[in-house]
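Asker: Under the numbering used here, think of the first position of the sequence shown as 9, with each following residue one higher.
Here a beta-carbon is modelled for each residue, glycine too, at the ideal position from N, C-alpha and C.
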Amino acid sequence: MARRKYVEFEDDDGTMLRYVQHPHGGGLVERGAKVHPTAWVSPTAYVDPGARVGAEAHLDDGAWVDREAVVAARARLGKNTHVGPRAVVGRGARLRDGAKVAGEVRVPDFAVVGPDAVVHAA
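1. Are R102 and V79 closer than 8 Å when you measure CB to CB?
2. Just how far apart, CA to CA, sit R84 and G100?
3. Just to confirm the assignment, what range does the beta strand (DSSP E) spanning F17 have?
4. Pick out whichever of V127, E18, F118 has its Cα sitting closest to the Cα of A81.
5. Per DSSP, what are the beta-bridge partners of K42 in this structure?
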């Protein structure tokens, strides 16, 4: 018996979203997202539609990259972090465990966001 190679979720508006496991880490990536093959997506992390994750980025357990957000190359998202819709995490930036970035906010290249911190628009 063949196993499905995807998981489906129903979005708030009733749209069915299909997620596949990323080959490097096994986390869930929605089919409309783009994740570089060298990025690490932990098994309990997920990447929503339209999001992009760059080369050698690392998404730890429970990390969530929301719709149309960008995680640049070599950025690292700690455990249970959230990158809001259309937010950008710059190259080499670090989000410590529990950090949250609000929608449409940009975290500069190589910045460090502390544990459980919330980054809002200025």
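Answerer: According to the data block:
1. Pairing R102 with V79 gives a Cβ-Cβ distance that is not under 8 Å.
2. About 7 Å.
3. Counting along the chain, the beta strand (DSSP E) containing F17 begins and ends at 14-18.
4. Ranked by Cα distance from A81, the options V127, E18, F118 are led by F118.
5. In the DSSP output, where bridge partners are listed per residue, K42 has R60.
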